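Everything below concerns the one structure shown next.
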Amino acid sequence: MVASKTKKTTKYTYAERVLSALSQAQQEHRKHAVHHATLRAEVRKRAEAKKDKLGPQWTSWVKRTVEKLEDKGAIEASGAGGNVSLTPTAKKAIADARRYLALPGGHSSPLEDEVWRLVSVQFTRGTKRRNASGTDNDTASEAEVLDEVDTSPKRRRRSSGRQKPASKMTRAELLQLLHNLQQAHSGAMTHLQSHTHSEETEESRHLREELQAKEKEIEVVRKELDQVKSRVSDIVPPASITRPSTPDHTAETSTPLPASPANRPRATDGLTRTASGSFISPISKRPTPAPSVSGTPEPDDTTIAFDDEGDTLVPADDDGGSTSNSAKNASLLTPGWSPRKQHVDVRLEKLRALLTEEGERAQRRESEYQDKITSLENVADSRMSELRVLTGKLAAFDSERTAMHTIISERDNRVADLLAELTVANGLIASKDTSLAEKDAEIASLHNDLASVERASALLRTREEELQSSLTHKDATIAGLTEDKSALALELAAVQEALNVARNEVLDKSDQLKTLQVVKATLMGEVGELQKTVASLGEEAIRKEEAHAAASAELALRAAEIHTLEDNLRDSEDNTARVRAECEALAEQKAKVEKKLVEAHDDLARVILQKDGEIADYASECEGLKVQTASLSDELAILQQQLDASKDAIDTMKVELSQANMSVQSLQDEATAKSGTIDQLKSSQASMQQEVSELQSELESTVDEVCERARNSEDRQRRLITDTLAKELARRKLVDDVQRLEAENSSHVEQLAERRAEIESLSIDLLASQTRESELATKVQEAEATRAVELADHQSALSSLRLSLESAQRNADDLQKKLSGAYAKCEELESQLRHAETELAATRASLEAETARSSAMEKDLGEATAKIHDLQDALDVASTARQVEESKVSELLAGYDKLRKVHTDSFAEFDQKVRASQAAATSGH
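Here the sequence shown is numbered in full-length UniProt numbering, starting from 1 and rising by one per residue.
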């Protein structure tokens with residue numbers, strides 16, 4: 001059947017109106033505290049929207065309700081301007097009510113009024129009053145039993161009509177009924193727990209008391225039957241009857257029994273009265289006998305006795321001389337009337353009236369017992385229906401409990417995943433902190449390196465000026481040496497032939513060094529330039545013997561530089577081996593991290609789905625960081641290329657210097673024969689060579705330091721990139737980025753291996769070139785004619801060296817600018833990392849809130865489970881008590897049937913005895 005609509009409007013209490021209006025005002029005005037005037041306006045607006053009629057004094061009632069809710073702890077005053085706000089207890093109660101009804105957080109739900117009703121009931125709950133019962137029927141007792149079970153916090157009105165069936169109830173009414181039943185169960189459990197330690201309920205105790213009362217009544221009935229039997233035996237002794245008598249036809253054989261009223265009048269206090277007004281005891285169920293006509297019955301002077309012959313009944317006189325009078329009276333008696341017979345009839349009528357009254361009383365008791373049994377059966381049926389309903393509710397509670405267990409297990413898993421993610425994030429933060437500290441130290445060292453580079457550049461400028469001055473001096477010297485060019489023409493031809501032979505040898509060697517074609521080409525060019533330089537220097541060596549000492553010193557310096565270069569090469573090899581070991585360790589660590597990240601990827605997926613909004617913003621930031629990191633890596637690659645180019649230029653300059661040293665060595669050999677002509681050139685050449693060597697050593701040290709720092713900065717920047725990528729890899733692209741990093745690391749390892757091989761090959765080529773240059777030096781000793789040309793080439797080499805120094809200075813300036821830009825980007829990355837740390841702290845706080853919420857829900861679930869178990873135990877106890885009571889009732893019915901049978905048998909026996917006595921009395925006449 002469809003639920004019918006009614007014209008009645010829903011009535012709201014002022015507590016509901018005030019609480020809903022306060023919450024709505026807080027949400028609309030976005031304020032924590034609301035003024036009284038705003039609250040009253042909101043109450044009126046909501047009443048108009050719901051068509052809720054307010055009384056004429058509604059403002060005063062709103063004020064009283066606010067004061068009452070303040071006393072109850074639902075509302076608190078906020079400030080001194082008449083503002084009020086909800087307390088945390090009220091907010092928790094509202095959240096619990098919404099969670100109980102499974103409502104969203106807004107005010108647009110159709111069950112919003114139910115939420116405010118539950119909250120207002122919680123804060124305006126009063127003490128329960130017991131209803132006074134003035135009736136003594138079974139319906140009242142059943143209602144009392146039901147009232148004892150139902151402990152609803154809100155006192156319901158008495159309803160004269162029938163309760164609405166569940167099919168016609170609305171959802172709100174069904175929810176209210178469910179809430180009332182839950183409160184009834186919780187109240188019953190608390191009532192049972194607050195009762196004695198025994199497992200008996202009030203209902204079972206009440207039924208047991210009724211059974212005991214019924215047993216007492218049965219015992220009283222048995223005693224009354226015994227008394228009736230004893231009275232009958234006292235009135236008509238069986239030994240006095242000797243033979244039956246024929247009844248007289250004229251005598252009255254039966255007397256009409258007095259009709260007993262069907263329903264005795266009852267007193268106002270529940271006690272039963274007889275027709276005469278006397279009370280019937282509720283324990284013995286025996287009324288006071290009605291008074292006779294002559295007052296209190298006294299025993300007759302005459303007793304019933306038979307004569308000597310046993311034919312007639314004669315009254316027995318007290319004295320012995322009454323026999324003659326009795327004989328006379330006996331002769332005077334007529335058959336129609338006799339005093340003895342009249343006395344016996346009166347006694348029999350009294351006895352019959354007593355027996356009839358006892359029978360009616362027994363029938364009434366039987367009917368009462370039947371009614372009580374019927375009422376008990378009805379109560380038992382109602383209890384069975386309640387048990388079935390409670391069993392269904394318990395099944396529903398069990399299903400809800402299983403659902404809650406599943407939800408709690410899922411939340412536990414989610415909390416574990418979040419904790420794992422938190423630990424990973426903490427580890428990443430710690431690693432990032434350490435990396436940031438390392439980067440700060442590296443940046444400080446880079447600043448120091450830049451300062452040292454600037455100082456070195458200043459020294460280079462000063463040395464350049466000194467070289468310029470020395471070059472001017474050398475130009476003058478070269479002008480003097482050009483005069484000796486004609487004398488060395490013949491020697492130039494021999495040197496040309498030697499150079500041709502050397503070129504052929506170099507071409508033969510170039511076929512064996514195909515892998516270093518670029519280096520060979522540069523070496524061949526340098527060899528040509530060296531030949532020219534050797535020719536020019538040979539011409540100088542012929543004239544100036546003083547250059548021998550300078551050349552020897554320069555040779556020693558060059559040997560020391562070669563040793564330092566070898567040491568640097570060995571250090572670079574050691575660094576390469578260390579870098580390779582570090583790369584291998586990083587590869588192993590990367591494999592482990594990749595495995596762990598693959599395992600954690602599935603766990604992070606569920607959390608990432610729940611944090612889509614936050615992760616989207618975070619992913620965009622990570623993409624920006626990734627772009628910045630990529631740009632930084634590109635810039636670092638460009639810087640590395642520039643450093644490599646500068647390193648190659650420095651290597652070429654080193655080769656040129658080594659060639660110059662070899663030429664100087666050759667000139668030293670030649671200067672042994674021509675020491676007189678080069679005294680002036682020796683001093684100038686020695687000073688110039690010393691300055692060049694110092695400048696070269698400083699330049700090499702500076703370049704080595706810059707290269708080493710660039711490598712360190714590159715390694716640190718690579719670690720920064722890996723750390724930055726690790727932040728992105730912690731979300732969705734960790735595996736791909738790790739693979740990319742692995743490829744990059746492998747490529748770097750391969751590049752390092754290739755560079756090492758190139759360095760080894762270059763060292764071999766350097767040794768070979770040194771041997772070749774030594775051979776060429778021995779041959780160049782004969783070519784003094786080309787020394788002037790070689791000197792000019794040497795000047796051009798010095799100018800190229802100057803240009804290379806200027807380019808190195810420009811490169812150093814560019815590197816400084818790029819390092820400053822990298823430092824700024826590092827600061828930006830640090831700020832972004834701090835922002836990420838704040839977001840991580842917020843995520844951690846949300847995780848802790850979710851953990852606290854899950855623990856609270858688990859606690860509530862445990863309490864609900866305990867209550868359900870207690871309710872199940874109470875139901876089991878009630879069912880066992882009901883079974884025991886049913887068995888007792890069945891035993892009571894069986895005993896009652898036996899008692900009734902004994903009663904009927906005794907009545908039948910008594911009737912037989914009465915008929916026998918009547919027959920004996922009539923036969924005597």
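In this text, a Cβ means the ideal position worked out from N, Cα and C, and glycines have one as well. Computed from a predicted structure; not experimentally measured.
Check	Outcome
N- and C-terminal bounds of the beta strand (DSSP E) containing Ala77	Ile75 to Ala77
Assigned secondary structure, Phe907 (DSSP; H/G/I helix, E/B strand, else coil)	helix
Where His35 sits in the DSSP three-state scheme	strand
Whether Ile75 touches Val84 by CB criterion (7 angstroms)	yes
DSSP state of Leu86 mapped onto helix, strand, coil	strand
Cut-off 7 angstroms between Cβ atoms - residues of its own chain near Ser457, not counting five sequence neighbours on either side	Gln809 and Ala812
Thr65 - containing alpha helix (DSSP H), residue span	Trp58 to Lys72
Exposed unless 16 or more other CB atoms sit within 10 angstroms - verdict on Lys898	exposed
DSSP state of Glu210 mapped onto helix, strand, coil	helix
C-beta contact flag for Leu19 and Val119 at 7 angstroms	yes
Cα-Cα separation between Met857 and Ser409, rounded to whole angstroms	12 angstroms
The segment 351-368 touching the segment 215-227, judged by at least three CB pairs closer than 8 angstroms	yes
DSSP-derived helix/strand/coil call for Tyr369	helix
Option nearest Val62 by Cα separation, candidates Leu460, Ala41, Ala841 and Leu86	Ala41
Beta-carbon proximity of Ala15 to Leu39, cut-off 7 angstroms	no
Residue range of the unbroken alpha helix (DSSP H) whose run includes Asp113	Glu112 to Phe123
Under the three-state DSSP convention, the category Leu428 falls into	helix
Contact check, Leu111 vs Leu101, beta carbons under 7 angstroms	yes
With 16 other Cβ atoms within 10 Å as the buried cut-off, status of His563	exposed
Buried or exposed by the 16-neighbour rule on C-beta atoms within 10 Å, applied to Met384	exposed
CA-to-CA distance, Glu173 to Thr356, given in whole angstroms	56 angstroms
Glu70 versus Asn180 - alpha carbon distance	26 angstroms
Straight-line Cα distance separating Glu377 from Leu871	23 angstroms
Close Cβ partners of Ala792 (< 8 angstroms) along its chain, the five nearest in sequence each way excluded	Ile478, Lys532 and Ser536
Contact between the segment 812-821 and the segment 450-467 (3+ Cβ pairs under 8 angstroms)	yes
Supposed close pair Gln816, Leu460 - CB separation, criterion 8 angstroms	With 8 angstroms as the limit, Gln816 and Leu460 do not qualify as a contact, their Cβ atoms being about 15 angstroms apart.
Inter-residue spacing [alpha-carbon to alpha-carbon] between Ala184 and Lys92	23 angstroms
DSSP three-state assignment for Glu839, whether helix, strand or coil	helix
Assumed close pair Glu885, Leu419 - CB separation to whole angstroms, cut-off 8 angstroms	With a Cβ gap of about 55 angstroms, Glu885 and Leu419 do not count as contacting.
Glu28: first and last residue of the uninterrupted alpha helix (DSSP H) it sits in	Tyr14 to His29
Per-residue burial, Val501 [other beta carbons within 10 Å of its own, 16 or more giving buried]	exposed
Gly73 versus Glu368: straight-line alpha-carbon distance, rounded	54 angstroms
Helix, strand or coil at Met169 according to DSSP, with G and I counted as helix	coil
Classification of Gly161 by the beta-carbon crowding that lies within 10 angstroms, buried from 16 upward	Any answer about Gly161 is weak, because its pLDDT of 43 lies below 50 and its placement is not dependable; what the coordinates show is given next. Counting Cβ neighbours within 10 Å, Gly161 comes out exposed, since fewer than 16 surround it.
Supposed contact pair Glu850 and Val424 - C-beta distance, whole angstroms, cut 8 angstroms	That belief does not hold up - the Cβ atoms of Val424 and Glu850 are roughly 18 angstroms apart, past 8 angstroms.
Collapsed DSSP secondary structure at Gly55 in the structure displayed	coil
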